[in-house]
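Chemist: For reference, the structure I am asking about is given below.
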Amino acid sequence: MNDLRYFILISFISFLLFSCQKENGGVIDIHPKFQIYVDRFIEEAALRGKIIDFSDTGLKIEFRNAVDVETGGVCRGNHHIEIEKFYWEDLTDADKEGLIFHELGHCELNRRHRNDTLSNGEWASRMRGSPIPEGLSAVINYSGDRRKYYIDELFDETISEPSWASYRPDYYEIKDSPRSEVFYSDSTTTSFRKDFILDREDNFEIELEVDAFQTISYVGIQFGSSIFDSSFRIVYTAFGKVVIDSGKNLYGTMRDIDRSSAVTSGYNKITLRKINDRFIVYINEQFIYWFDVPEFYTRVVESFKSREGDAHFRNLTINKLDL
Numbered sequence: 001m002n003d004l005r006y007f008i009l010i011s012f013i014s015f016l017l018f019s020c021q022k023e024n025g026g027v028i029d030i031h032p033k034f035q036i037y038v039d040r041f042i043e044e045a046a047l048r049g050k051i052i053d054f055s056d057t058g059l060k061i062e063f064r065n066a067v068d069v070e071t072g073g074v075c076r077g078n079h080h081i082e083i084e085k086f087y088w089e090d091l092t093d094a095d096k097e098g099l100i101f102h103e104l105g106h107c108e109l110n111r112r113h114r115n116d117t118l119s120n121g122e123w124a125s126r127m128r129g130s131p132i133p134e135g136l137s138a139v140i141n142y143s144g145d146r147r148k149y150y151i152d153e154l155f156d157e158t159i160s161e162p163s164w165a166s167y168r169p170d171y172y173e174i175k176d177s178p179r180s181e182v183f184y185s186d187s188t189t190t191s192f193r194k195d196f197i198l199d200r201e202d203n204f205e206i207e208l209e210v211d212a213f214q215t216i217s218y219v220g221i222q223f224g225s226s227i228f229d230s231s232f233r234i235v236y237t238a239f240g241k242v243v244i245d246s247g248k249n250l251y252g253t254m255r256d257i258d259r260s261s262a263v264t265s266g267y268n269k270i271t272l273r274k275i276n277d278r279f280i281v282y283i284n285e286q287f288i289y290w291f292d293v294p295e296f297y298t299r300v301v302e303s304f305k306s307r308e309g310d311a312h313f314r315n316l317t318i319n320k321l322d323l
């Protein structure tokens, strides 16, 4: 009889505990700096027909106490995410979102790392993870059309390759299009800066030749602003490394190519075209990359080198394209 009463009591207490947990749900403990990105994750899920609110699982996201140079963030399981504070502070807004989405991909969507690439060499998934295969960069351009694809893939890894992955416009496809000269200089210099006036909807082309002179410096152009964090850069080294980069106020690093066959010794011709809503980059008339035009940028282009050296610039041309 006592055993029966004990069993009934334990069953009743268990029922109360279960009911309380179910009613209150999991504990939500999110550091304020991460909340906006969690909100975006929930919104993006809803746009794709998935309802996520973490009421059943709880969610804890906090800064890691100890410095870990190996990872920017980690999902500890049980919807517990730790973020490396020093790493976080250096990220762009887009990269912060991408990091939180990646960790929530582990915790909430049960996604594992996916390290395959698209046909253009860019990562096929925001779930790219360590270790990075040899010869590839960890960089993900998480902006514009690419951002939409990466979020689509995060919630549905069976989606097809995006059409932009095969976008490789030939250098000569607009050779017969009318153009009007905005600026031209045939002088050779070790530095330059040129402001030009065009409307936002105008298409244009910036072209010049750059010689790195066998230095280890990154050389090329900076445009869109004279402020580093608000500008874009197209740079290369004498050893063939090409980087297309932007500041913290924009997209961060967008493309990192270890050894590009387009780069040669001596002068290399860099071409930047704005065609509608895309910037397109060529080196020596070979297509390198395209990326989205931001809503705001200044019409200014200037020389860039990562350290003092003997880099030379010549034959700067700016044309308005009438397409």
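Using my numbering, the first residue of the sequence shown is number 1, and each one after it goes up by one. Glycine is no exception: its CB is placed at the ideal position from the N, C-alpha and C atoms.
1. In this structure, does DSSP put V363 in helix, strand or coil?
2. Measuring alpha carbon to alpha carbon, tell me which residue in V263, K248 and I318 is nearest D195.
3. Helix, strand or coil for V38, going by three-state DSSP, please let me know.
4. Which value, in whole angstroms, describes the spacing of the CA atoms of F313 and I288?
5. Ignore the nearest five residues each way along the sequence and tell me which others in D186's own chain have a CB closer than 8 Å to its CB.
6. For R299, which residues of its own chain have a beta-carbon under 8 Å away from its beta-carbon, when the five flanking residues on both sides are left out?
7. Please name the residue in N203, D29 and D170 whose C-alpha comes closest to that of R179.
8. Applying the criterion that 16 or more other CB atoms from any shown protein chain within 10 Å of the CB defines a buried residue, is R268 buried or exposed?
9. Looking at the structure shown, is D176 part of a helix, part of a strand, or coil, going by DSSP?
10. Considering only residues of the region 284-314, which uninterrupted beta strand (DSSP E) runs meet the minimum length of 3 residues and lie entirely inside it, listed in chain order?
11. Going by CA-CA distance only, name the one from A46, S177 and P294 that's closest to N249.
12. Per the contact definition of three or more C-beta pairs closer than 8 Å, is the region 129-142 in contact with the region 238-255?
13. Could you check what DSSP says for K241 in three-state terms: helix, strand or coil?
14. Contact defined as beta carbons within less than 8 Å: I believe S303 pairs with S191. What is the distance between those atoms, to the nearest angstrom?
15. What are the start and end residues of each continuous alpha helix (DSSP H) run of 4 or more residues lying completely inside the region 69-107, in chain order?
16. Sort E43, L208 and F63 by Cα distance to F54 and report the nearest one.
17. Taking R255 as part of the alpha helix (DSSP H), name the residues at either end of that continuous run.
Modeler: Taking the coordinates as given:
1. In this structure the chain extends from 1 to 323, so residue 363 is not present and cannot be described.
2. Ranking the options by Cα distance to D195, first place goes to I318.
3. Here V38 sits in helix by DSSP.
4. Rounded to the nearest angstrom, the gap between the Cα atoms of F313 and I288 is 20 Å.
5. Taken in chain order, the residues that qualify are R314 and N315.
6. Scanning its chain for C-beta atoms nearer than 8 Å, with the 5 sequence neighbours on each side dropped, one finds around R299 the residues D195, F196, I197 and L198, in chain order.
7. Looking at the Cα atoms, N203 is the closest of the given residues.
8. Correcting the residue identity first, residue 268 is Asn in this sequence and not Arg. With a 10 Å radius around the Cβ and a threshold of 16 neighbouring Cβ atoms, N268 comes out buried.
9. For D176, the three-state secondary structure derived from DSSP is coil.
10. 286-292 and 298-305, all fully within the region 284-314.
11. Closest option to N249, Cα to Cα, is P294.
12. Yes, the region 238-255 touches the region 129-142.
13. Judged by DSSP in its simplified three-state form, K241 adopts coil rather than helix or strand.
14. Between S191 and S303 the Cβ distance is about 5 Å, and since that is below 8 Å, they are a contact.
15. For the region 69-107, the full-length alpha helix (DSSP H) segments reaching 4 residues or more read 85-89 and 93-107 along the chain.
16. Considering only alpha carbons, the answer is E43.
17. Note, R255: premise wrong, no alpha helix (DSSP H); beta strand (DSSP E) at T253 to I257.
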